[in-house]
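Quick note, the sequence shown lines up with residues -20 to -1, 1 to 168 if you use mature numbering (1 follows the signal peptide of the UniProt record, and there is no 0). Every residue, glycine too, gets a C-beta built ideally from N, C-alpha and C.
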Amino acid sequence: MKKILLTLGLSTILVTTACGQTQEETKNAETEEKTEATQQISKETIQSTLLDSQLALAKDIREHNAKIEALRVDISKLDKVETDEEKKQLEQTIKDSTEEAKKAASTAQEALNSFEIKGKLSEDTKNSLQASLDDLNAYFEEVKSTLDKPLQTDFSKADDLFTSFEDKLASIYENADLLAPNMKKELQ
């Protein structure tokens, strides 16, 4: 009889222990599912914040950059004009547009300096985004210094800074599972 009671007692303990482990495993699985859902919400929030920031940035910068791009188009035409009269007219147009383009670059820098990211981003993403915006700010600074001699401009340094801005931004977008925007087109 003692053996039967001992066997019955041990069986009860084993069954109770096994049930407890099953409940614990179920709780762990539920916690993991909730964590994954939270991460998914965070990714969606990051994507939304990045896209909203892109739209706001384009809105703030586009009109200023358009003036710079228009001047760059005129400067690129200098080598292609056929007559001296056309060249003189184009040179005068460039000289007249230079101050306006410099002011546009300064205004764009002011807009960048006051630009705020609205939404939730991780600290790393915020820092990366700020680094890309710093390159865009440096681009506008380089444009201003390049325009000190508007008829002898070389925008290669400015273009390198803009490319750096786009590359850093593309990396941020790719990490958030978004397609990288073409900011050159976005800001025209």
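Exercise for review: Excluding the 5 residues preceding and the 5 following Asp139 in the sequence, name in chain order all residues of the same chain whose CB lies nearer than 6 Å to its CB.
Suggested key: Cβ-Cβ distances below 6 Å link Asp139 to nothing in the same chain once the five nearest sequence neighbours on each side are left out.
Practice item. Report yes or no: do three or more beta-carbon pairs, one from the stretch 101 to 118 and one from the stretch 65 to 76, lie closer than 8 Å? Key: In short, these stretches do not touch, since the Cβ pair count stays below three.
**Study point:** Status (buried if at least 16 other CB within 10 Å, exposed otherwise) for Ala81
**Key:** Taking every protein chain shown into account, the CB of Ala81 has 16 or more other CB atoms within 10 angstroms, so this residue is buried.
Point to revise | Euclidean distance between Cα positions of Asp76 and Leu92 | key: Each residue's alpha carbon lies about 26 Å from the other.
Review point. Between the C-alpha atoms of Gln34 and Thr63, what's the straight-line distance to the nearest angstrom?
Key: Their backbone Cα atoms lie some 43 Å apart in a straight line.
Review point. Using a Cβ-Cβ cut-off of 7 Å (strictly less than) and excluding sequence neighbours within five positions of Phe120, which residues of its own chain qualify?
Key: These residues qualify, in order along the chain: Ala85, Ala88 and Gln89.
Exercise for review: Work out the CA separation of Leu101 and Phe135 for me, nearest whole Å.
Suggested key: Take the alpha-carbon of Phe135 and the one of Leu101: they are about 33 Å apart.
Point to revise | C-alpha distance - Glu43 paired with Asp115, whole-angstrom precision | key: Rounded to the nearest angstrom, the two C-alpha atoms are 19 Å apart.
Point to revise | 8 Å Cβ shell around Leu127 - same chain, five flanking residues per side excluded | key: Taken in chain order, the residues that qualify are Leu51, Thr78, Ala81, Lys82, Ala85 and Thr133.
Exercise for review: Tell me whether the beta-carbon of Ile41 lies closer than 9 Å to the beta-carbon of Val123.
Suggested key: Not closer than 9 Å, so no.
Check your understanding: How is Asn162 classed by DSSP in three states: helix, strand or coil?
Key -> Here Asn162 sits in coil by DSSP.
Review point. Anyone know if the C-beta pair for Glu94 and Lys148 falls short of 9 Å?
Key: Rather than Glu, the amino acid found at residue 94 in this sequence is Ser. Taking 9 Å as the Cβ cut-off, Ser94 and Lys148 do not qualify as a contacting pair.
Exercise for review: With distances taken Cα to Cα, identify the nearest neighbour of Leu167 among Ser151, Ala156 and Phe145.
Suggested key: Its Cα nearest to that of Leu167, the residue Phe145 stands out among Ser151, Ala156 and Phe145.
Exercise for review: Compute the Euclidean distance between the alpha carbons of Met163 and Glu24, then round it to the nearest angstrom.
Suggested key: Computed Cα separation, rounded: 22 Å.
**Study point:** Same chain, Cβ closer than 8 Å to Thr73, neighbours up to 5 away in sequence not counted
**Key:** Around Thr73, the same chain offers Asp54 as residues with beta carbons nearer than 8 Å, after the five sequence neighbours per side are excluded.
Review point. Just how far apart, CA to CA, sit Ile26 and Gly99?
Key: Each residue's Cα considered, the two are about 8 Å apart.
Point to revise | Host alpha helix (DSSP H) of Ala156 (start-end) | key: Segment: none, Ala156 is in no alpha helix (DSSP H) and carries neither H nor E.
Practice item. Output yes or no for whether 9 Å exceeds the beta carbon distance between Ala156 and Leu30. Key: A contact, by the Cβ cut-off of 9 Å.
**Study point:** Closest residue to Leu58 among Asn117, Pro130, Leu109 and Ser22 (Cα-Cα distance)
**Key:** The shortest Cα separation from Leu58 among Asn117, Pro130, Leu109 and Ser22 belongs to Pro130.
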